[in-house]
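Novice:
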Amino acid sequence: MKTCIAVAVLFFGGVCYAQAPPDGRPQSQAAYPESEAAAAWRGLAASYVRKALKDQTLDQDPALNARVDAVMAAVGAAVAAIDSRFANSPWKAILIQDFGHGAAAFPGGTILVDAKFVRTLQLNDDELALILAHEAAHVVAGHASVKLSFMAEYLGKEKVPTARTALLEFLAKDFYAAVYRPTAQLQEREADAVGAAIFFATGYDTQRALRLFDKLAVFESGENGPVTDSHDAARIRKQAVSAVIADLQQFHARRGRAPR
Numbered sequence: 001m002k003t004c005i006a007v008a009v010l011f012f013g014g015v016c017y018a019q020a021p022p023d024g025r026p027q028s029q030a031a032y033p034e035s036e037a038a039a040a041w042r043g044l045a046a047s048y049v050r051k052a053l054k055d056q057t058l059d060q061d062p063a064l065n066a067r068v069d070a071v072m073a074a075v076g077a078a079v080a081a082i083d084s085r086f087a088n089s090p091w092k093a094i095l096i097q098d099f100g101h102g103a104a105a106f107p108g109g110t111i112l113v114d115a116k117f118v119r120t121l122q123l124n125d126d127e128l129a130l131i132l133a134h135e136a137a138h139v140v141a142g143h144a145s146v147k148l149s150f151m152a153e154y155l156g157k158e159k160v161p162t163a164r165t166a167l168l169e170f171l172a173k174d175f176y177a178a179v180y181r182p183t184a185q186l187q188e189r190e191a192d193a194v195g196a197a198i199f200f201a202t203g204y205d206t207q208r209a210l211r212l213f214d215k216l217a218v219f220e221s222g223e224n225g226p227v228t229d230s231h232d233a234a235r236i237r238k239q240a241v242s243a244v245i246a247d248l249q250q251f252h253a254r255r256g257r258a259p260r
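Our numbering applies: residue 1 is where the sequence shown begins, and numbers increase by one.
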């Protein structure tokens with residue numbers, strides 16, 4: 001976490017950084033070329049959108065879509081300001097009814113969002129910004145490529161010779177997700193930290209955004225039961241995100257230019 005906070009502070013100090021894996025080990029070479037890995041994930045995102053079109057589950061609420069588009073534009077601008085690699089990235093968020101995940105990000109700047117999740121939690125724009133910033137952080141940190149490299153290392157590249165075969169194999173068996181979960185948990189923590197920095201750059205209201213975790217805590221304690229994915233419990237995530245934002249506020253206060 002200290003490393004993530006330092007990275008976030010460096011973002012806003014205008015200092016370039018070298019991406020490090022979430023477990024702190026020296027970064028090994030990716031198993032597949034970045035362009036190939038990104039193409040595999042973009043293909044998966046496109047398949048979800050095609051299915052939504054076929055099933056007529058793309059959300060058609062113009063007001064909600066306009067809200068999400070505006071928040072996504074702000075988050076995308078914040079990412080571009082933080083990391084020049086994404087200066088011209090065409091970020092977009094697509095609402096799908098009953099997508100089955102709160103939100104999921106894909107290389108190339110596509111974020112799929114469960115419209116039912118947005119409505120059930122009655123998310124305001126500040127909360128949406130925090131969610132989209134978290135998802136964008138996964139892309140910034142290259143987490144999708146790490147997952148494919150895990151498959152190449154776990155199975156041997158001869159069994160998954162391309163990024164696409166590695167992705168399809170990962171999706172085919174829940175077993176792989178279980179083995180990958182310790183790394184996924186570290187990635188979620190990194191996305192919370194870096195996502196907090198991205199959110200901070202958007203200028204959305206922090207206190208209103210942090211209420212997201214109170215809503216998630218209620219969601220966790222209800223009939224849905226405890227969290228079973230790779231995220232920490234909502235109360236732990238709230239503390240972590242709050243700590244990063246507090247550090248950034250102090251950093252900017254010392255420099256005399258603190259966003260709200």
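No residue lacks a Cβ here, since even glycine has one placed at the ideal position from N, Cα and C. Being a predicted model, the structure only gives us computed values, none of them experimental.
Could you pull the DSSP bridge partners for valine 113 from this structure?
Specialist: DSSP, once it has assigned bridges, lists Leu95, Ala103 as partnering valine 113.
Novice: What residues in its chain sit with their C-beta under 8 Å from that of isoleucine 111, if we drop five residues either side in the sequence?
Specialist: Result list for isoleucine 111: Met72, Trp91, Lys92, Ala93, Ile94, Ala103, Ala104, Ala105, Leu132, Glu135, Ala136, in chain order.
Novice: Restricting to runs no shorter than 4 residues, where is the alpha helix (DSSP H) found entirely within the stretch 174–257?
Specialist: Listed in chain order, they are 174–202, 206–221, 234–255.
Novice: State the DSSP-derived secondary structure class of leucine 58, mapped to helix, strand or coil.
Specialist: Reduced to three states, the DSSP call for leucine 58 is strand.
Novice: When we look at the beta-carbon of serine 145 and count the other beta-carbons within 10 Å, is it buried (16 or more) or exposed?
Specialist: Answer is buried; the Cβ neighbour count reaches 16.
Novice: Less than 8 Å between the CB atoms is what I'm expecting for histidine 252 and alanine 191, so what's the real figure, rounded?
Specialist: No, histidine 252 and alanine 191 are not in contact; Cβ-Cβ is about 22 Å, not under 8 Å.
Novice: Run through DSSP, which three-state label would valine 79 get?
Specialist: In this structure, valine 79 counts as helix in the three-state DSSP scheme.
Novice: Provide the residue span of the alpha helix (DSSP H) that contains alanine 141, from first to last.
Specialist: Taken as a continuous stretch (DSSP letters only), the alpha helix (DSSP H) holding alanine 141 covers 125–141.
Novice: What does the alpha-carbon distance come out to for the pair serine 47 and alanine 163?
Specialist: Spanning the two alpha carbons is a distance of roughly 16 Å.
Novice: Helix, strand or coil, according to DSSP, for valine 160 in the structure here?
Specialist: Note: valine 160 maps to coil in three-state DSSP.
Novice: Got a sec? Which residues, its chain only, sit under 6 Å from serine 149 by beta carbon, not counting five neighbours each side?
Specialist: Closer than 6 Å at the Cβ level, and outside the excluded window around serine 149, lie Ala30, Ala31.
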